[in-house]
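Colleague: Residue numbering for the sequence shown follows our numbering, starting at 13 and increasing by one per position.
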Amino acid sequence: MSNDVSKHDETSPAGVTLKAGDAEVTVDPGLGCRLTSLRIGGSELLRQGAKYGAFPMVPWCGRIALGQFRNGGELHQMPVNHPPHAIHGTGRDTVWTTVRADDSSAAFTYDLGDPWPYPGRVTQLVELAPDSLTLTLGVEAAEDSFPAQAGWHPWFLRSLDPGESGASGESGEAVRLSFDAAWQEERGEDHLPTGRRIQPLPGPWDDCFGMPEGVDVTLTWPGRLELKVASRAEWVVIYDEQAEAVCVEPQSGPPNGLNTLPRLVTPIDPLEISTTWTWRSLARAGRTSA
């Protein structure tokens with residue numbers, strides 16, 4: 013894969029740290045423009061490590077069946093990086109460029125290239141406020157139109173104090189997820205949507221849900237923090253099958269959507285998606301009411 017950043021070294025672009033109030037976010041353009049840290053009130057919210065944090069999924073989200081998609085009569089093959097499928101796009105494996113940065117916002121870009129077959133440009137805007145973080149992705153076509161998707165894959169820590177065994181009300185208690193989806197995409201044995209929409213099932217999940225009024229998922233670390241993931245997009249993947257973290261992934265289409273629900277990006281019609289994460293301290297609320 014071109015511009016592979018799996019080996020992050022001292023030649024990679026420097027990370028950018030933004031601050032607002034007691035919130036701090038670090039973005040590493042040399043590691044796929046991934047958020048490597050999100051700290052609120054001194055507590056880290058994201059799982060640490062080169063594969064984790066919160067990375068943009070672009071120019072597709074989730075899996076592409078067998079790594080193949082069509083654009084009109086042309087069949088394209090993407091690298092099969094999660095056999096038997098291709099997963100999560102090429103943006104996370106690419107070195108991005110920092111276009112601008114100030115105390116609380118920054119913009120990053122990269123040019124689409126091999127193995128993606130169509131020229132274009134991707135932009136990520138990161139805007140931090142004392143009680144929110146807004147991320148915006150844009151995908152532009154330089155010449156030919158092509159199907160594309162965009163979204164984010166954050167790894168939120170299951171406990172804000174990893175390693176602690178928190179009983180009810182203690183700081184290490186596991187996060188709770190709350191959301192109300194209109195449907196769940198039935199998942200086949202190949203981990204791809206079958207095309208059937210079903211009533212949402214209880215977890216654990218590695219599943220895509222439909223929210224036609226917009227993504228709205230709340231994560232609550234009891235006694236510590238409440239964080240809401242919102243987006244005008246109507247698709248979200250929930251993944252909570254690991255002990256260390258849970259993922260809430262707003263995205264512009266379902267897994268394998270390049271084939272089943274293509275959204276064409278043209279030179280005059282770019283793709284844009286935003287998500288805003290807002291939070292409030294439950295510890296502070298508890299002290300106030302006491």
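Don't be surprised by glycine CBs; every beta carbon is placed ideally from N, CA and C.
None of these values were measured; they are calculated from a predicted model.
#1: My assumption, with CB atoms under 8 Å, is that Glu246 sits in contact with Met223. Please give the rounded CB distance.
#2: In or out: Gln196 buried (at least 16 other Cβ within 10 Å) or exposed?
#3: With a CB to CB cut of under 7 Å and the five nearest residues on each side skipped, what residues in its chain are close to Pro96?
#4: Just the C-alpha distance for Leu124 and Pro131, rounded to the nearest angstrom, thanks.
#5: With three or more beta-carbon pairs closer than 8 Å as the criterion, would you say the segment 57–69 touches the segment 29–36?
#6: Return the chain-ordered ranges of every beta strand (DSSP E) run that is complete within the segment 182–243 and spans a minimum of 3 residues.
#7: Look at the Cβ atom of Thr110, then the Cβ atom of Val28, and state whether they are nearer than 8 Å.
#8: Run through DSSP, which three-state label would Pro41 get?
#9: Looking at the structure shown, is Gly101 part of a helix, part of a strand, or coil, going by DSSP?
#10: Verify whether the separation of the beta carbon atoms of Phe158 and Val277 is less than 8 Å.
#11: So, for Phe168: in the same chain, excluding its five sequence neighbours on each side, which residues have a beta-carbon less than 8 Å away from its beta-carbon?
#12: Go through its chain and collect everything with a Cβ distance to Leu172's Cβ below 6 Å, but skip five positions before and after it.
#13: Is Pro68 a contact residue of the ligand FMN, with contact defined as CB to any heavy atom under 7 Å?
#14: State the start and end residues of the unbroken beta strand (DSSP E) segment that holds Gly150.
#15: Is DSSP giving Thr109 helix, strand or coil here?
#16: In terms of residue numbering, what span does the beta strand (DSSP E) encompassing Thr135 cover?
#17: Provide the residue span of the alpha helix (DSSP H) that contains Thr29, from first to last.
#18: In this structure, does DSSP put Ala295 in helix, strand or coil?
#19: Give me, in chain order, the residues of the same chain whose beta-carbon lies closer than 8 Å to that of Pro216; leave out the 5 immediate sequence neighbours on both sides.
#20: What three-state label does DSSP hand Leu273 in the structure shown?
#21: Pull up the CB-CB distance for Ser264 and Gly103, whole angstroms please, since I reckon it's below 8 Å.
#22: Taking its Cβ as the centre, do 16 or more other Cβ atoms sit within 10 Å of Gln89, making it buried, or is it exposed?
#23: What separation, rounded to the nearest whole angstrom, lies between the Cα atoms of Met69 and Glu201?
#24: Under the three-state reduction of DSSP, which class applies to Leu78: helix, strand or coil?
#25: Can you give me the C-alpha to C-alpha distance between Leu189 and Gly85, rounded to a whole angstrom?
#26: Cα separation between Ile52 and Val134?
#27: Could you check how far apart the C-beta atoms of Leu47 and Ala66 are, in whole angstroms? I think they sit under 8 Å.
#28: Given this structure, state the Cα-to-Cα distance separating Gly178 from Ala242, to the nearest angstrom.
#29: With a threshold of 16 other CB atoms inside 10 Å of the CB of Leu30, please say whether the residue is buried or exposed.
#30: Run through DSSP, which three-state label would Tyr64 get?
Modeller: Walking through what the data contain:
#1: Residue mapping note: residue 246 aligns to position 234 of the sequence shown, counting from 1. Residue mapping note: residue 223 aligns to position 211 of the sequence shown, counting from 1. That pair is a contact at about 5 Å.
#2: Stepping through the sequence shown from its first residue, residue 196 is reached at position 184. Per the 10 Å Cβ criterion, buried.
#3: Within the sequence shown, residue 96 is the residue found at index 84, counting from 1. For Pro96, where only same-chain residues beyond five positions count, the Cβ hits under 7 Å are Leu78.
#4: If you number the sequence shown from 1, residue 124 lands on position 112. If you number the sequence shown from 1, residue 131 lands on position 119. Each residue's Cα considered, the two are about 5 Å apart.
#5: no
#6: 188–191, 195–199, 205–210, 218–222, 227–233 and 237–243
#7: Stepping through the sequence shown from its first residue, residue 110 is reached at position 98. Stepping through the sequence shown from its first residue, residue 28 is reached at position 16. Yes; because the gap between Cβ atoms is below 8 Å, this pair is in contact.
#8: Taking the sequence shown and counting its residues from 1, one reaches residue 41 at position 29. Note: Pro41 maps to helix in three-state DSSP.
#9: The residue given as residue 101 occupies position 89 in the sequence shown. Here Gly101 sits in strand by DSSP.
#10: Taking the first residue of the sequence shown as position 1, residue 158 is located at position 146. Taking the first residue of the sequence shown as position 1, residue 277 is located at position 265. Yes, these two residues count as a Cβ contact at 8 Å.
#11: As a working mapping, residue 168 is identified with position 156 in the sequence shown. Counting only Cβ-Cβ distances below 8 Å, and skipping sequence neighbours, we find Leu57, Leu58, Arg59, Val187, Leu231, Leu239, Ala257, Val258, Cys259 and Val260.
#12: Numbered from 1 along the sequence shown, position 160 holds the residue referred to as residue 172. Within the same chain, Leu172 has close Cβ partners Ser55, Trp233 and Arg236.
#13: The ligand FMN is absent from the structure shown, which contains no ligands of any kind.
#14: Here residue 150 refers to the residue found at position 138 when the sequence shown is read from its first residue. Residues Ser144 to Ala153.
#15: Locating residue 109 in the sequence shown gives position 97, where the first residue counts as 1. If DSSP states are grouped into helix, strand and coil, Thr109 belongs with the strands.
#16: As a position in the sequence shown, residue 135 is number 123, starting the count at 1. Run containing Thr135: Gly132 to Ala141, per the beta strand (DSSP E) assignment.
#17: If you number the sequence shown from 1, residue 29 lands on position 17. Run containing Thr29: none in the alpha helix (DSSP H); it sits in the beta strand (DSSP E), Val28 to Ala32.
#18: The residue labelled residue 295 in the question sits at position 283 within the sequence shown. Reduced to three states, the DSSP call for Ala295 is helix.
#19: Position 204 of the sequence shown, counted from the first residue, corresponds to residue 216. Cβ within range, chain order: Asp252 and Glu253.
#20: Walking along the sequence shown from the start, residue 273 turns up at place 261. Leu273 falls in the coil class under three-state DSSP.
#21: The count along the sequence shown starts at 1 and reaches residue 264 at position 252. The count along the sequence shown starts at 1 and reaches residue 103 at position 91. Incorrect: roughly 13 Å between the Cβ atoms, too far for contact.
#22: Here residue 89 refers to the residue found at position 77 when the sequence shown is read from its first residue. Result: exposed.
#23: Reading the sequence shown from its first residue, position 57 is the one you call residue 69. Reading the sequence shown from its first residue, position 189 is the one you call residue 201. Met69 and Glu201: Cα-Cα distance of roughly 23 Å.
#24: For the purposes of this step, residue 78 is identified with residue 66 of the sequence shown, where counting begins at 1. Leu78: helix per DSSP, three-state reduction.
#25: On the sequence shown, position 177 is the one that residue 189 refers to. On the sequence shown, position 73 is the one that residue 85 refers to. Using only the alpha carbons, I get a separation of about 42 Å.
#26: Along the sequence shown, one-based indexing puts residue 52 at 40. Along the sequence shown, one-based indexing puts residue 134 at 122. If you take the alpha carbons of Ile52 and Val134, they lie about 28 Å apart.
#27: The count along the sequence shown starts at 1 and reaches residue 47 at position 35. The count along the sequence shown starts at 1 and reaches residue 66 at position 54. Right, the Cβ-Cβ distance comes to about 4 Å (below 8 Å), so this counts as a contact.
#28: Residue 178 sits at position 166 when you count from the first residue of the sequence shown. Residue 242 sits at position 230 when you count from the first residue of the sequence shown. At Gly178 the pLDDT is 36, less than 50, meaning the model places this residue with poor confidence; the figure from the coordinates comes in the next sentence. The alpha-carbon atoms of Gly178 and Ala242 are separated by roughly 28 Å.
#29: In the sequence shown, residue 30 corresponds to position 18, counting from 1. It counts as buried.
#30: Position 52 of the sequence shown, counted from the first residue, corresponds to residue 64. Coil.
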